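*Asks:*
Number of protein chains: 4
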Amino acid sequence: MTSQKSSEELKTRTPKRQRGHDRVVVLLEAAARVFARKGYEAATMTEIAAEAQSSIGSLYQFFPTKPLLAETLHIDRLERLKAGLQNLAERSSGLSAADSGEAIFDALGAFIEEFPEFPVLAARRDIPKDRKMRSRAELKELIAAVLRRAEPSISDDITLMSGIVLELLRIAAAVANEPDAKEDQRVVSELRLMLRRRLEEATSKT
Amino acid sequence: MTSQKSSEELKTRTPKRQRGHDRVVVLLEAAARVFARKGYEAATMTEIAAEAQSSIGSLYQFFPTKPLLAETLHIDRLERLKAGLQNLAERSSGLSAADSGEAIFDALGAFIEEFPEFPVLAARRDIPKDRKMRSRAELKELIAAVLRRAEPSISDDITLMSGIVLELLRIAAAVANEPDAKEDQRVVSELRLMLRRRLEEATSKT
Amino acid sequence: MTSQKSSEELKTRTPKRQRGHDRVVVLLEAAARVFARKGYEAATMTEIAAEAQSSIGSLYQFFPTKPLLAETLHIDRLERLKAGLQNLAERSSGLSAADSGEAIFDALGAFIEEFPEFPVLAARRDIPKDRKMRSRAELKELIAAVLRRAEPSISDDITLMSGIVLELLRIAAAVANEPDAKEDQRVVSELRLMLRRRLEEATSKT
Amino acid sequence: MTSQKSSEELKTRTPKRQRGHDRVVVLLEAAARVFARKGYEAATMTEIAAEAQSSIGSLYQFFPTKPLLAETLHIDRLERLKAGLQNLAERSSGLSAADSGEAIFDALGAFIEEFPEFPVLAARRDIPKDRKMRSRAELKELIAAVLRRAEPSISDDITLMSGIVLELLRIAAAVANEPDAKEDQRVVSELRLMLRRRLEEATSKT
DNA sequence: CATGAATGAGTATTCATTCAT
DNA sequence: CATGAATGAATACTCATTCAT
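Just so you know, the sequences run in chain order H, R, B and L.
Here the first sequence is numbered in the numbering used here, starting from 1 and rising by one per residue.
Here the second sequence is numbered in the numbering used here, starting from 207 and rising by one per residue.
Here the third sequence is numbered in the numbering used here, starting from 413 and rising by one per residue.
Here the fourth sequence is numbered in the numbering used here, starting from 619 and rising by one per residue.
(1) Taking 8 Å as the threshold (C-beta atoms), are residue 366(R) and residue 342(R) in contact?
(2) Just to confirm the assignment: which complete alpha helix (DSSP H) runs, minimum length 4, are found wholly within the region 129-191 of chain H?
(3) Let's see if you can read the secondary structure: which residues bound the alpha helix (DSSP H) around residue 447(B)?
(4) Roughly how many whole angstroms lie between the Cα atoms of residue 607(B) and residue 495(B)?
(5) If you drop the 5 nearest sequence neighbours on each side, which residues of the same chain put their C-beta closer than 8 Å to that of residue 211(R)?
(6) Look up residue 465(B) in the DSSP assignment and say whether it is helix, strand or coil.
(7) Name, please, each residue of chain H whose Cβ falls closer than 7 Å to the Cβ of residue 245(R).
(8) Nearest-angstrom Cα distance between residue 37(H) and residue 327(R)?
(9) Only counting the same chain, and skipping five residues up and downstream in sequence, which positions put a Cβ closer than 8 Å to that of residue 188(H)?
(10) Could you give the C-beta distance for residue 508(B) and residue 615(B), rounded to a whole number, given that I count them as a contact under 8 Å?
(11) Can you give the Cα-Cα distance for residue 428(B) and residue 436(B), rounded to whole angstroms?
(12) Are the C-beta atoms of residue 564(B) and some chain L residue less than 8 Å apart?
(13) State buried or exposed for residue 55(H), treating a residue as buried only when at least 16 other CB atoms are found within 10 Å of its CB.
(14) Taking contact to mean at least 3 C-beta pairs separated by less than 8 Å, is the region 644-655 of chain L in contact with the region 683-699 of chain L?
(15) Identify whether residue 723(L) lies in helix, strand or coil by the three-state DSSP scheme.
(16) Run through DSSP, which three-state label would residue 744(L) get?
(17) My guess is that residue 348(R) and residue 291(R) are in contact by the Cβ rule of under 8 Å, so how many angstroms apart are they, rounded?
(18) Taking DSSP as the reference, what is the three-state secondary structure of residue 95(H)?
(19) At the level of alpha carbons, what is the spacing between residue 198(H) and residue 154(H)?
(20) Residue 275(R) lies in the alpha helix (DSSP H); which residues open and close that run?
(21) Taking only three categories from DSSP, how would you classify residue 1(H)?
(22) Return the residues of the region 158-172 of chain H that lie within a Cβ-Cβ distance of less than 7 Å from chain R, sorted by chain order.
(23) Could you check what DSSP says for residue 199(H) in three-state terms: helix, strand or coil?
(24) Just tell me which of 536(B), 581(B), 589(B) has its CA closest to the CA of residue 454(B).
(25) Using CA atoms only, rank isn't needed, just tell me which of 751(L), 768(L), 645(L) is closest to residue 595(B).
(26) Taking all protein chains shown into account, do 16 or more other C-beta atoms lie within 10 angstroms of the C-beta of residue 306(R), making it buried, or fewer, making it exposed?
(27) Please list, in chain order, the chain L residues whose beta carbon lies closer than 7 Å to that of residue 599(B).
(28) Starting from the C-beta of residue 138(H), find all residues in its chain whose C-beta is less than 7 Å away, skip the five residues before and the five after it, and write them out in chain order.
(29) Among 368(R), 346(R), 407(R), 246(R), which one has its Cα closest to the Cα of residue 273(R)?
(30) Determine the contact status of residue 576(B) and residue 560(B), defining contact as a CB-CB distance below 8 Å.
(31) By the criterion of Cβ-Cβ separation under 8 Å, what are the contact partners of residue 809(L) in chain B?
(32) Leaving aside the five residues before and after residue 646(L) along the sequence, list all residues of the same chain whose C-beta is less than 6 Å from its C-beta, in chain order.
(33) Here's a check: name, in chain order, each residue in its chain whose Cβ is nearer than 8 Å to the Cβ of residue 193(H), leaving out the five neighbours to either side.
This is the structure in structure tokens:
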């Protein structure tokens, strides 16, 4: 189609005025709701515009393609998640590794509950490999930072621990969508406990 | 046309000739490959037919809708998974709970590797709630059976243990798609270890 | 896609711009021509769009399904027919019942000639029973009104007379499609005469 | 598609054996039911075969195309209708024109009730003009014969009378499908009465 | 910038018909 | 002849995206 776009890469427009900024936020939140409700593929640009009480033209003004909209939203959510972890790091000086591990675990659960679109966006099949790896690396580093802050003496397999915590995020996300809430909640608690044991062990090992 | 869809539920047509039976197998395997490659929504019936070196009409002869094709394949994979677990149960009489837990864990990993379409099919957004719960319940029960067979004395939270193992299946599936294979493999091993510890504890507790 | 059709009933989109309004008119008239030419089932949305010198997407922008397009057109034609009868009622004060009966008969014939798609639309097999009955009742009432206006003293079987006139509409419609125009025209005249006699009788009876 | 068929016109196969003949009848009756139920376009060859408890292949063995199947059935029904009228002619020697007119009217009503597929077949849009005219001419001639037999003195506009009766067949057919049976039945009776009057008049005029 | 109309390639699905067994 | 599988053109409909006002 648009072969004359050549090197002019499509970028999300940065609106200069307040008016535009408000609109962007409204559009993003509407997109979040629709993605959470329908999934990425089934969500339509038209429905997102409608959800934002806006017009498609307006939506495209700010987000020239659907993948770009999804990516923008994804990045926003990642930033929030990272900010949350950073915040946690600052408050976990006195804690044991095990305690701060549980704190992370809980924070992840709360995050998913607040932003149910996150797993949808993270599971999108067209995220470039490198961006995906970078995001994961950043998150793992932040988790590691929290753990290290709590217990600086923790050994080198802290990366491993961070990886585990990150995988548990996946389960938290999936469980949120499972129908059998009660039973699944027990499983989550148990996983939390298993994580605590593992962290206690990692600490004492030193 | 289509004026009288009435209530006749669409069903998979069962082939009555050898040729038809062969074709069904070919179609299902082609569908498996395309689903694994593209995901459920992005997979097209046209591409599946082409992958099976068949015509679109032939595909529809046996699978009158895309959801029904996906469901048929999903059920087939579930049956294989259940058969595998049953098989495992029969061979885990002498093992410790921990050992059989690891065996299950490994079996799940192998299953996902052999049938990468499984997580795609299991994540489909339009599976009826009750079918989803039933499948999960069956799988959990089978896992519980394996564990019980190994160590009949295991306590009542065996359901919990089964739930945990089942969640680990999710991670196994996800990890298979992650780009950072090496690092992720270490995480999986670690989770396996955590599971072992937990099972050992559950056993000794008795 | 199409995974969440839910229960949102599809409705004709009302154009909000002048351009859209013009397009809707053009589309409806194109549909009328194609329906008249091919019949309801054989008419294709693609052909209708082409007839309107429009794109298929534009057609669907305003008429999201073929039945809805047909229904919209049908309702429009019904409105015109009703308006015509109302108009007739206003001008038939001085006439005899027989004269106004013939006037109706002629009006129906002219209507069918102007809107040959009408019988096609009215014969569609998927019109809800209640809508069909309502339309017929309304038409009958309007015809009755014309007759009553002409000759208020007419007796109670005026409903019957209206029913007869309405059935004659069917013949007028069918005859318009018959090849043997000449012969058929004589039959129509004769039926007109029979109607006149019957109405004269009904009047004198009083 | 089949461009090499050249002059070899497709014809309904005449089966030589009893077995084949039975099958043909079963297929035709099945087709009749499906056409009556769904209309011509919405009826599918597959459904017809199923209704006949036969296979698609078998259906095509005898009726190589759908239009040919419809036409064969149509002709069969026309033959029965003509036979019925002929029969009527033979028994209407002593009757008045008016009486035999009513007899025809009733016979047509009974015919439609017995063969509800008839109007569907007669309304098919792809009947060649000449065949359509020929059928109508034959029917009109037979109706004329009945009337003439009853009252040989009837004047030349007997063709006209036959035309009227034939048009009334249309109404009989349509009314059978109308939802408001009761009211419509009264209309039909009234039309019958109008016909009687007209015939009485035509006779006395002589 | 906002709006909503225009576009058309793409998708699931149907069905008459042909053909191998 | 019977059977049912194979075929693919045709059809309704969707949706991301562009563009005129």
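Built from N, CA and C at the ideal position, the CB exists for glycine as well.
Keep in mind the model is a prediction, meaning the values are calculated, not measured.
*Replies:* Short version:
(1) no
(2) 129-150, 158-177
(3) 430-450
(4) 23 Å
(5) Only weak support exists for where residue 211(R) lies, its pLDDT of 41 falling under 50; the coordinates are left without a value.
(6) coil
(7) 125
(8) 19 Å
(9) 109, 171, 172, 175
(10) 7 Å
(11) 11 Å
(12) no
(13) exposed
(14) yes
(15) helix
(16) coil
(17) 4 Å
(18) coil
(19) 12 Å
(20) 272-296
(21) Because residue 1(H) carries a pLDDT of 36, less than 50, the predicted location of this residue cannot be relied on, and no value is offered for it.
(22) 160, 163, 164, 167, 170, 171
(23) helix
(24) 536(B)
(25) 751(L)
(26) buried
(27) 778, 781, 782, 785
(28) 82
(29) 246(R)
(30) no
(31) 576, 579
(32) 691
(33) none
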